[in-house]
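Counting from 1, one number per residue, gives the positions in the sequence shown under the UniProt record's numbering. The C-beta atom is built at its ideal place from N, Cα and C for all residues, glycine as well. This report refers to the structure that appears directly beneath it.
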Amino acid sequence: MKLSQKVAIVTGATQGIGLACAQRLITEGAKVMLVDIKPEGAQAAEALGDQARFFTADVSQKADVDALVAETLAVFGRIDILINNAGVTHKALFLDVSEDDFDRVMRINLKSMFLCGQAVARVMAKQQSGCIINMSSVNSELAIPDQVPYVVSKGAINQLTKVMSLNLAPYKVRVNGIGPGTILTELAKKAVLGSPEARHTILSRTPLGRCGEPEEVAAIAAFLASDDASYMTGQTLFVDGGRMALNYTVPVQE
Ligand SMILES: NC(=O)C1=CN([C@@H]2O[C@H](COP(=O)(O)OP(=O)(O)OC[C@H]3O[C@@H](n4cnc5c(N)ncnc54)[C@H](O)[C@@H]3O)[C@@H](O)[C@H]2O)C=CC1
Ligand SMILES: O=Cc1ccc(S(=O)(=O)O)cc1
């Protein structure tokens, strides 16, 4: 086990990629505080056993984030790993995006990572050790016309990862990102997999010919959180079936 005695916070952990990350970190020996705005994540945490706890929070709100950090320290005594995973998608063409929707997506997807990153980094700086992972997307680089604030938030996350890594390196805190392709979760079903045509379009842009599984993203998170990545910081790793390497379509095996 590569993460024994480590303590992790995973945001957006009630389902999808966040829950898979929490499960994998526990498999690797970590203790995990699962965090989500949806309280039903408490059942998911209970199913994970004594190594897991659940905290209900809106990680886009500073007061909730400060309470989360205080609770994690009270329960586990330290924080070694933060996975900034919580995020929402949004569908509207540029001229149809409301100011409220733009602000909401940026607050949840981007500001939450600033708030959680800053609060947790203050703890890690005192420990002189730690690792932060920001969940980005292929859409941090690839733009989609009807996912405007989502794409903007993900592009900004890549820059946040770099600037956090520069600031936190003196404290021996590493900061990296993960850019998933289309992963089979509720968000992707809402965002892109709503019809056979949409699925065909995605697969025509995916050389490995399939969508990814949340566990395949969690495996990269476990690597980045481990000492196997001890010399990596400021990077965003794309876990995307080849999407980012592609500049044409591929035949789709239906
Ligand atoms: N599924 C996919 O194809 C891809 C997902 N991603 C990113 O991966 C991350 C996770 O995505 P999925 O697991 O697919 O999504 P999901 O929708 O299945 O799960 C997201 C979780 O975040 C929680 N959440 C939302 N707002 C929150 C807030 N303010 N405070 C606390 N929790 C909050 C939700 O309640 C939910 O449990 C997101 O950042 C997403 O942008 C990136 C690329 C592709
Ligand atoms: O993160 C959500 C998400 C994932 C993939 C895609 S697409 O496959 O590039 O359409 C869109 C949104």
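query, result
"Where the beta strand (DSSP E) through asparagine 176 begins and ends", "173-180"
"Residue range of the beta strand (DSSP E) that includes valine 7", "7-11"
"6 Å CB neighbourhood of aspartate 58 in its chain, flanking five on each side removed", "Ile37, Asp64"
"Glycine 87 vs serine 140 beta-carbon contact at 7 Å", "no"
"Any 3 or more C-beta pairs closer than 8 Å across the stretch 203-220 and the stretch 12-25", "yes"
"For alanine 74, the nearest candidate out of Gly29, Val123, Glu99, Arg104 (CA to CA)", "Val123"
"Close-in-space but distant-in-sequence residues of the same chain around glycine 77 (CB under 8 Å, 5 per side omitted)", "Val7"
"Own chain, CB closer than 6 Å to glycine 155, minus 5 neighbours either side, in chain order", "Ser140"
"Cβ shell of valine 97 (< 6 Å), same chain only, five flanking positions each side left out", "Val148"
"Beta-ladder partner(s) of threonine 236, from DSSP", "Gly177"
"Closer than 6 Å: methionine 135 CB and nearest ligand 1 heavy atom", "yes"
"Supposed close pair glycine 212, threonine 182 - CB separation, criterion 8 Å", "7 Å"
"beta-carbon residue 262 near ligand 1 non-hydrogen atom, thresh 6 Å", "This structure cannot settle anything about residue 262, because the visible part of the chain is limited to 1 through 254."
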